[in-house]
Amino acid sequence: RLQETRKKSSERSGAVLDPSRNPGQYRKIHYPKGMGPSCEFCSRKGHDASKCYKKRNKEKKQAFVSETSFCGTNQAFGVSTDCNHFLIDTAATSHFCYERDWFKNFKELKTTKALLADKKSTCEVEGIGNIDFIVQDIKGNVKITLKDVFYTPNMRRNLISGARMDIAGLKIIWSNNVMRICHSNNEYFFSAFRRDMFYIVSGYPLLDSVMYTSVDLNLIHKRLCHVNIPLIKDMCKNKSVKGLEKVNIKIDNESCIACNVGKAIRTSLKKNYVYKRVTKSVLDKVHMDLWGPAPVNSLGGSKYFLSIIDDFSRKIDVFTLKSKSEVFSIFKEYLSRVQRELGRKLKSVRTDNGLEFCHKDFETFLRNLGIKIERTSFYTPELNGIAERFNRSSMEAVRTMLQDSGLQPRFWAEALHAYVHTKNRCSHKLTEGKTPMEIWSGHKPSIRHCRAFGSLAYVYVPTVNRNKLQPKAKIGILVGYAVNRREYRVWLPKERKVVESIHVKIDETKNGVKTLFGKVKHYDYAIYQLDQNLNNDSDYRAQDEKSSSPEKPSSLDISTWIRLEKPRTKSKRIDVYYYPPSKERLRSINDVKIYCHKNKLEFDPNQFNFKPTKANTRFEEKSECHNETSSDSVDEASFVNDIFQNEIYMTEIPKTFKETQISPDKEKWNEAMSEEIKLMQNRKVWDLVEPKSNMKVLGCRWVYNIKHDEKNNVKKYKSRLVAQGFKQRPGVDFTDVFAPLVNFDIIKFLFVLLVCILGWNHYQIDVKGAYLYGNLDIPIYM
736 RLQETRKKSS
746 ERSGAVLDPS
756 RNPGQYRKIH
766 YPKGMGPSCE
776 FCSRKGHDAS
786 KCYKKRNKEK
796 KQAFVSETSF
806 CGTNQAFGVS
816 TDCNHFLIDT
826 AATSHFCYER
836 DWFKNFKELK
846 TTKALLADKK
856 STCEVEGIGN
866 IDFIVQDIKG
876 NVKITLKDVF
886 YTPNMRRNLI
896 SGARMDIAGL
906 KIIWSNNVMR
916 ICHSNNEYFF
926 SAFRRDMFYI
936 VSGYPLLDSV
946 MYTSVDLNLI
956 HKRLCHVNIP
966 LIKDMCKNKS
976 VKGLEKVNIK
986 IDNESCIACN
996 VGKAIRTSLK
1006 KNYVYKRVTK
1016 SVLDKVHMDL
1026 WGPAPVNSLG
1036 GSKYFLSIID
1046 DFSRKIDVFT
1056 LKSKSEVFSI
1066 FKEYLSRVQR
1076 ELGRKLKSVR
1086 TDNGLEFCHK
1096 DFETFLRNLG
1106 IKIERTSFYT
1116 PELNGIAERF
1126 NRSSMEAVRT
1136 MLQDSGLQPR
1146 FWAEALHAYV
1156 HTKNRCSHKL
1166 TEGKTPMEIW
1176 SGHKPSIRHC
1186 RAFGSLAYVY
1196 VPTVNRNKLQ
1206 PKAKIGILVG
1216 YAVNRREYRV
1226 WLPKERKVVE
1236 SIHVKIDETK
1246 NGVKTLFGKV
1256 KHYDYAIYQL
1266 DQNLNNDSDY
1276 RAQDEKSSSP
1286 EKPSSLDIST
1296 WIRLEKPRTK
1306 SKRIDVYYYP
1316 PSKERLRSIN
1326 DVKIYCHKNK
1336 LEFDPNQFNF
1346 KPTKANTRFE
1356 EKSECHNETS
1366 SDSVDEASFV
1376 NDIFQNEIYM
1386 TEIPKTFKET
1396 QISPDKEKWN
1406 EAMSEEIKLM
1416 QNRKVWDLVE
1426 PKSNMKVLGC
1436 RWVYNIKHDE
1446 KNNVKKYKSR
1456 LVAQGFKQRP
1466 GVDFTDVFAP
1476 LVNFDIIKFL
1486 FVLLVCILGW
1496 NHYQIDVKGA
1506 YLYGNLDIPI
1516 YM
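Going by this note's numbering, the sequence shown opens with residue 736, and the numbers climb by one from there.
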């Protein structure tokens, strides 16, 4: 058994050691003791050198050392981006660096070469010197000085010799991937951290120039006038300029407050942010927006229009409004109509943050019906892009239609409705060849009835509205299509109203304005969204002033002027206005004088009469007639427009302080307000006090007026600073709710009667600021 066991063990020891290399190469062959071939490597018998175990093990060790040496050579000569790093090499006999600018006391060497670890490769050494290096250690920055450093530009790694560190009296301790370097007395110096089998020291060189010391990335950013920090990093890497050698580009310090404030931009709304069509049926979502105010009121007096667009079908509904407060009521009518028409419920509404959509009643109404409310971000109209885009395209179409037809800007609402009528019957790129009307109603619409806007039209007059000798048709201008009937809308210039009729003959070859008035005037169609301009006629006056005029005053032809008398609705007073050919409204003899002076016309006050006559004027009779016959009657400006075929821009007494600052009489109004303030200060009308919690503080406003003399000339510009008493609460801020009024005509009559009876001598005096002498029953805080 012992022999069998030894035989089995000997068979195991003679097995193949490395079957992957060459099976059978190292198979053991038994020879008698002292017999067999002799090994040339170990001088033992029984095997040759090709099967020697000692030779094989030695070759493996040498191969491992050679591979390790060449690995270090590849790291030293490979491309590296860590220009501010040093590798600690315990096998290096000297320090090596490839940065020429880091050296101090540099000396050139021409014939020196360094032998690398493989004992075959060499590296050119072009100089020697010292380097001061700042190590960025975990305990702070540490300065080290490397002496007799070889300058090797072909190397791509900076090396610190471990042997030189030992000669300098430093100790090296390894633990947990960290190499700690200490002084001879075991005092901590700095550390190196292992990365890819190498111990690396991070930091930056300490150069000779003083201006580059202790400079961080943020300071360089400020020195270069806040250029982009990534650009500075690229300049450091590419060494574009001198002076950025020691900037640590790896410090992520890009949070510059000044740049964030001064260079703030809007967020780029990419396709992921912009609204995408996701609806699957009509009334799943509607888009709403309000446009206005328009520079010119429409025929019906509208200033705004509300657009409601169905997201799925892209059907458009527009409603013209006189004020923003009508939005809520119009939307409720629209909602009840379309839900009854389609038999479906509205699911979602998308609007901007306008107050007409965000007030409490509107939101409560939508929530009670279960309708989802979608708002856009503030100052980001592109998030409501469907409605905003319609506003732009519709106004472009309106301007084009008015320009082509020659109609005045006050026809913008008629042009808008005509455009929407045809737009709903045109296909959309998202509706796959179908029109919005077909998707909405399920029936393919027809455009056979569509005619050119502004064409000449003949409207049939029923027999009940004419006698046997009157014409059977009236001439007008086509301005659109009826909403609820299959009829055309035609503007009748002579009657100044719009009529709807199906019995209309339209001549598209003739322009209505050109046929009726002889020529087409192209107006300045400024139909775009803008703020409420309080003085629209200032620009037009400036154009008139710049127009050429003769040096000597020319004669004034009063026959080209129009005189109108307009009775007031709430009083018996009748206002008299004069309209010159330049389409300005003059309400006093002083206005006429100023106008004549500006236009260098001879002024004769005897030609103008601003006193109303006993009988009503032409304008009064026609206005009454229009009120009886048509609801689309126009106002006084429309009447003058038909006479002049142009707009009239009116000037009024300013109602607010803002109006006075854009008024032609700005200086006179400012003088009046300064005089009022000075008068109150002299009379000590008010006292400055600290506000208390229980005080009711009222606002104030300016009230303006113009005082005329007996010849209707401007005598004085008056301004009064008054408190907003309507904000007081009855019973809390005051108790009396009735103020007795005085009839000054009766007082004057009784006074004159006493003068005559008693024989008094009477004088009339004017007390300046007499209203300031009154006493208040309770204090008012303004």
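Every residue, glycine too, gets a C-beta built ideally from N, C-alpha and C. Note that the structure is predicted; figures quoted are calculated from it, not measured.
Note on A784: under 16 other CB atoms within 10 angstroms of its CB, so exposed under the neighbour-count rule.
As the crow flies, the alpha-carbon of N889 is around 7 Å from that of C858. I1237 places its beta carbon 8 Å or farther from that of L1213. Annotation: Y1154 to L1137 spans about 11 Å, alpha carbon to alpha carbon. Contact check for E1243 and S1190: beta-carbon distance about 5 Å, within the 8 Å limit, so the pair qualifies.
Using a Cβ distance threshold of 8 Å, V982 and C971 count as a contacting pair. If you ignore the 5 residues before and after Y1439, its C-beta comes within less than 6 Å of the C-beta of I1388, P1389 and S1454, all in its own chain and listed in chain order. Under the three-state reduction of DSSP output, W1421 falls in the coil class, being neither helix nor strand.
In this structure, H961 places its C-beta atom within 8 Å of the C-beta atom of C994. Note that the region 1112-1130 does not touch the region 1060-1077; fewer than 3 beta-carbon pairs, one per stretch, sit closer than 8 Å.
Residue range W1147 to K1158 is occupied by the alpha helix (DSSP H) that includes H1152, with no beta strand (DSSP E) assigned at that position.
With a threshold of 16 other beta carbon atoms within 10 Å, M1517 falls short and is exposed. Taking each of A1150, G862 and G1105 in turn and checking the Cα distance to S1033, the smallest one comes out for A1150.
In this structure, the beta-carbon distance from D867 to K878 falls below 8 Å.
Where N865 is concerned, the enclosing beta strand (DSSP E) starts and stops at G862 to D872.
A direct Cα-to-Cα measurement between F1338 and E1117 gives close to 56 Å.
Here K1015 is not near S1083, since their CB atoms are 8 Å or more apart. Under the DSSP assignment, R1072 falls in the alpha helix (DSSP H) whose first and last residues are V1062 to L1077.
Taking the C-beta atoms as reference points, S896 is found nearer than 8 Å to H830. Just measuring C-alpha positions, the residue of G1494, A1458, K1413 and Q1459 sitting nearest K1503 is K1413. DSSP assignment within the region 860-936 yields the following whole alpha helix (DSSP H) runs of 4 residues or more, N-terminal first: 897-902. In the structure shown, H1332 falls within a helical segment according to DSSP collapsed to helix, strand and coil. If you look at I955, you'll find it isn't in any beta strand (DSSP E); it sits in the alpha helix (DSSP H) that goes L952 to R958. The straight-line gap separating the alpha-carbon atoms of L1423 and S1409 is approximately 19 Å.
The C-beta of D824 has 16 or more other C-beta atoms within 10 Å across all chains shown, which makes the residue buried. For E1091, the number of other beta carbons within 10 angstroms of its own is at least 16, and it is reported as buried.
Rounded to whole angstroms, the separation of the alpha carbons of W1421 and W1404 is 23 Å. Annotated three-state conformation of T1099 is helix, per DSSP.
In the structure shown, the three-state DSSP call for C774 is coil. Secondary structure at K1240: strand, using DSSP grouped into helix, strand and coil. Among the bridge pairs identified by DSSP, F831 is matched with F885 and L894. Cβ-Cβ distances below 7 Å link Y1216 to A1153, H1156, Y1223 and R1224 in the same chain, with the five nearest sequence neighbours on each side left out; the list follows chain order. About 17 Å separates the beta carbon of L905 from that of F928, a gap too long to meet the 8 Å contact definition.
N1440: member of the beta strand (DSSP E) spanning C1435 to H1443, first to last residue. Judged by their CB atoms, V1196 and A1187 are not nearer to each other than the 8 Å cut-off.
In the DSSP assignment, the residues bridged to W1026 are F1040.
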